[in-house]
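**Q**
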Amino acid sequence: GAVVSQHPSWVICKSGTSVKIECRSLDFQATTMFWYRQFPKQSLMLMATSNEGSKATYEQGVEKDKFLINHASLTLSTLTVTSAHPEDSSFYICSAGRGGTQYFGPGTRLLVL
Amino acid sequence: AQSVTQLGSHVSVSEGALVLLRCNYSSSVPPYLFWYVQYPNQGLQLLLKYTSAATLVKGINGFEAEFKKSETSFHLTKPSAHMSDAAEYFCAVTVQGSGNTGKLIFGQGTTLQVKP
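As given, the protein sequences belong to chains X and P, one line each in that order. Each residue of the first sequence is one higher than the one before, starting from 9 at the first, in this note's numbering. Each residue of the second sequence is one higher than the one before, starting from 5 at the first, in this note's numbering.
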């Protein structure tokens with residue numbers, strides 16, 4: 009149990025376009041989901057906390073207008089990278105909370121050309 | 005505020021040898037502690053967690069960790085390393101609140117190398 013999926017697993021896009029990443033909890037409902045960014049050889053950096061039915065809470069330094077988060081249901085949260093630029097290229101990982109534990113998705117590799 | 009320090013960014017052991025990955029935490033309230041493993045280009049997989057029950061916690065793949073409040077430590081061990089254990093390991097701490105899932109504070113990560 010506690011399976012989290014992400015789609016797509018990797019995406020290449022042109023600079024200036026927007027990219028949407030989906031995070032789904034497959035066998036449980038998650039009131040809270042989290043979005044992380046990970047640079048090579050580094051730890052995870054929390055971007056935002058997503059609560060179902062309410063606005064996401066962004067960490068300091070994360071542009072909310074650039075990284076749009078929607079948590080429309082108890083099993084789905086989406087992250088949209090708007091007007092992507094090469095510096096947004098990264099590994100994005102989501103997690104879903106259940107019973108006080110975060111369960112992570114497999115990650116999405118974004119490459120912006 | 006909570007923090008986590010993983011001692012040693014890189015640990016190398018021989019196959020069959022003891023694995024010891026060190027984690028120290030700081031928390032002003034009773035913490036919940038986690039160890040996650042990350043294989044290349046993948047997400048994080050939960051190895052084990054401490055949630056104020058037994059101080060010795062057994063996880064998947066033969067790993068275990070002991071919560072020592074006096075030492076503010078939560079070191080991860082495995083008696084005998086396998087080649088498949090080679091990965092990145094993260095220790096994390098959170099503070100829970102009435103059933104909610106709190107934010108995780110991660111350590112810097114430790115790369116485990118297993119030599120044949």
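Yeah, the Cβ is synthetic: ideal placement off N, Cα and C, and Gly gets one too.
Can you give me the C-alpha to C-alpha distance between serine 31 of chain P and serine 77 of chain P, rounded to a whole angstrom?
**A** Those two C-alpha atoms are separated by around 11 Å.
**Q** Distance check for lysine 72 of chain P and alanine 58 of chain P, CA to CA, integer angstroms please.
**A** Each residue's Cα considered, the two are about 11 Å apart.
**Q** Got a sec? Which residues, its chain only, sit under 8 Å from threonine 109 of chain X by beta carbon, not counting five neighbours each side?
**A** So the list reads Ala10, once near-sequence residues are dropped.
**Q** Drop a sphere of 10 angstroms on the beta-carbon of aspartate 73 of chain X, count the other beta-carbons inside from all chains shown, and report buried for 16 or more, exposed for fewer.
**A** The residue in question, aspartate 73 of chain X, is exposed, as its Cβ has fewer than 16 Cβ neighbours within 10 Å.
**Q** Can you tell me whether glycine 105 of chain X is helix, strand or coil according to DSSP?
**A** In this structure, glycine 105 of chain X counts as strand in the three-state DSSP scheme.
**Q** Given a cut-off of 7 Å, decide if glutamine 112 of chain P and serine 33 of chain X are closer than it, judged by their beta-carbon atoms.
**A** Contact: no.
**Q** Taking the straight line between their C-alpha atoms, what separation do you get for arginine 117 of chain X and threonine 98 of chain P?
**A** The alpha-carbon atoms of arginine 117 of chain X and threonine 98 of chain P are separated by roughly 27 Å.
**Q** Is the beta carbon of phenylalanine 36 of chain X sitting closer than 7 Å to the one on leucine 48 of chain P?
**A** Cβ distance not < 7 Å, so phenylalanine 36 of chain X and leucine 48 of chain P don't count as in contact.
**Q** Against chain X, with Cβ distances strictly below 7 Å, would threonine 105 of chain P count as a contact?
**A** Closer than 7 Å to some Cβ of chain X, the Cβ of threonine 105 of chain P qualifies, so yes.
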